[in-house]
DNA sequence: CCAGAAACCTAATCCATGTTAGGCATTGTG
DNA sequence: CACAATGCCTAACATGGATTAGGTTTCTGG
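Residue numbers (the numbering used here), protein chains in the order written: chain D, 1456 to 1708; chain W, 1456 to 1708.
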């Protein structure tokens, strides 16, 4: 039997990196665009788990791109509480165009061991000269924004069960889209505390809800591997509608 | 004594429309840029309060811009609950570059009587040809994103008192920035229900918190006019840091 | 200027989630 | 191989905010 990683490889839409696969959901890119993007991911920096990629208040002169592994955006409150505002998976830019804003207003940390590309501003500017990529970057930014809005709904108006289910559905669709889901399983390297920090819950309560989801036979979640046992039911139970991810093709279930 | 509106006029940074005033916080714009922007706001559509500007699922071929009055982005849940994800004040685009995404994944409604400009896509494309405006639009989009992140923190990790205080501070700074605050007063035409829908609270609880804020002599809030009686204290009590709005000059207090 | 609607305010009760305080299992490491 | 660290799990109890159900005040349109 093939390893999970190799199986996932076999399910990819194309032979490309997550970044290219993702950006091609907008519109077909040219050969030159492909080369330019592949070049970006060429020499990433390897980082350990839970390392700062960049911190609030810094003024980076380069852009970060997650090539492999998971990272998270977060803000710290005066009392030390943490709110995660985004999970970054391969192909996600950490801070596209921060240079326009100047100073980071939040921090980014790796969650797992990861490969992160450091892209100088000049290179980004060159990429943006290409109309296909300029449009693709706009698309990626607008989708990030849409994800933030869905996140607000999750935290503001859904109860813990729905919110966790909704987040799982979203991450499943995103992972599937870049070829990193195998059937209804994918690597979800999040602790219960990290899930809580994302959804404004305590780890204790996250645990309660996960137990219930297991008892309901909705999911199996063990040592970083999530399997959604009944995707339709989870989708319904959490009010998930993937339209905000703006991926044309919905994943089959 | 001058009317509130006229006084506010006197406090403006420049003689310009909110949109121009706002975009000039990034970088100085050219004469031509000014004219192009002024042209945008020239012939807005007048709308009543609580009218849909655009609804989830629609595929607009033009962009909307709030010229006067307030609007809000929101999503409805299956059970009818509403989550507001943004307040739009004069100078805010409702859906910059939706045309890239195709379909709206949320709805927008006016909150007050309002003037909304309808800008055809072709006109937007022409504007984006101007490097100064292209950069300004990127800036506006990135700030919108930063506001969404702050909103998540508000809903996820702050209690009701802090969250309401934080929102008031943010709206104050934004209104001040476009010349629509008079001292520490500004028009905040939101019902307690709308505040609740923004922060994931019930109107009952919003009311309790407002009463407490009044008792603490932090604010006065009556018939749509909010006065922050002690800005520093409100800022501290709610953990507000305006850095995420990326406005160079902090408002004096 | 009147009537109905909308918004505001309040009180009593309830519950989803937080808090505290552990014990247990797994994993990485010298 | 052991032991420290981390993450997982559970239980008892506490609470912020929801729910329900009004009454009151303030708009608004005719």
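Think of the CB as a built atom: it goes at the ideal place given N, C-alpha and C, for glycine as much as any other residue. All values reported here derive from a predicted model rather than from experimental measurement.
- Nearest Cα to residue 1500/D within the set 1568/D, 1558/D, 1513/D and 1698/D: 1568/D.
- With a threshold of 16 other beta carbon atoms within 10 Å, residue 1473/D meets it and is buried.
- Between the stretch 1580-1589 of chain W and the stretch 1540-1550 of chain W there are fewer than three inter-stretch CB-CB distances shorter than 8 Å, so the stretches are not counted as touching.
- Taking the CA atoms as reference points, residue 1471/W sits about 29 Å from residue 1690/W.
- Excluding residues up to 5 positions away in sequence, 1459, 1680, 1681, 1682 and 1683 lie with their Cβ nearer than 8 Å to the Cβ of residue 1640/D in the same chain.
- Per DSSP, reduced to three states, the secondary structure at residue 1675/W is strand.
- Interface annotation, residue 1599/W: in contact with chain D, CB-CB separation under 8 Å.
- Around the beta carbon of residue 1497/W, fewer than 16 other beta carbons lie within 10 angstroms, which makes this residue exposed.
- Within a 10 Å sphere around the beta-carbon of residue 1666/D sit fewer than 16 other beta-carbons, which makes this residue exposed.
- Contact between residue 1656/W and residue 1612/D does not hold, since the beta-carbon distance rounds to 10 Å and is not under 8 Å.
- Selection 1646/W, 1541/W, 1602/W and 1579/W evaluated against residue 1698/W yields 1602/W as nearest (Cα-Cα).
- The alpha carbon of residue 1559/W has as its nearest neighbour, out of 1592/W, 1493/W, 1508/W and 1538/W, the alpha carbon of 1508/W.
- Residue range 1576-1584 is occupied by the alpha helix (DSSP H) that includes residue 1583/D.
- When DSSP states are grouped into helix, strand and coil, residue 1588/D belongs to the helix group.
- Contact check for residue 1572/D against residue 1520/D passes: the beta carbons are separated by less than 8 Å.
- Closest in C-alpha terms to residue 1618/D, from the list 1650/D, 1591/D, 1537/D and 1632/D, comes 1650/D.
- By the neighbour-count definition (other C-beta atoms within 10 Å, threshold 16), residue 1659/D is an exposed residue.
- Here residue 1573/D is bridged, per DSSP, to 1519/D.
- The distance from the Cβ of residue 1574/D to that of residue 1518/D is about 5 Å, consistent with a contact at the 8 Å cut-off.
- The continuous stretches of beta strand (DSSP E) do not include residue 1633/W, and DSSP gives it neither H nor E.
- At least 8 Å separates the CB of residue 1586/W from every CB of chain D.
- Per DSSP, residue 1700/W is not a residue of any beta strand (DSSP E), being assigned neither H nor E.
- Non-local beta-carbon contacts of residue 1506/W in its own chain, meaning distances under 6 Å to residues more than five positions away in sequence, involve 1565 in chain order.
- Ranked by how close their Cα comes to the Cα of residue 1604/W, the residues 1538/D, 1675/D, 1513/D and 1502/D have 1538/D in first place.
- With contacts defined by Cβ atoms closer than 8 Å, residue 1676/W and residue 1624/W do not form a contacting pair.
- At a beta-carbon threshold of 8 Å, the residues of chain D lying near residue 1610/W are 1607, 1610, 1611 and 1655, ordered along the chain.
- For residue 1644/D, same chain residues with a beta-carbon under 7 Å away, outside a window of 5 residues either side, are 1525, 1566, 1567 and 1679 in chain order.
- A residue is called buried when at least 16 other Cβ atoms come within 10 angstroms of its Cβ; residue 1629/W meets this threshold and is buried.
- When 1622/D, 1563/D and 1491/D are compared, the shortest CA-CA separation from residue 1578/D is found for 1491/D.
- Chain W places a beta carbon closer than 8 Å to that of residue 1540/D, counting this residue as a contact.
- Only buried fits residue 1528/D, as 16 or more other CB atoms lie within 10 angstroms of its CB.
- By the criterion of a C-beta distance shorter than 7 Å, residue 1596/W is surrounded in its chain by 1551, once the five residues flanking it on both sides are discounted.
- The C-beta of residue 1600/D has 16 or more other C-beta atoms within 10 Å across all chains shown, which makes the residue buried.
- Nearest C-alpha to residue 1544/D among 1598/D, 1633/D, 1663/D and 1664/D: 1633/D.
- The three-state reading of DSSP puts residue 1625/D in helix, counting H, G and I together.
- For residue 1509/D, none of the residues of chain W pass the 8 Å Cβ criterion, the least Cβ distance being about 14 Å.
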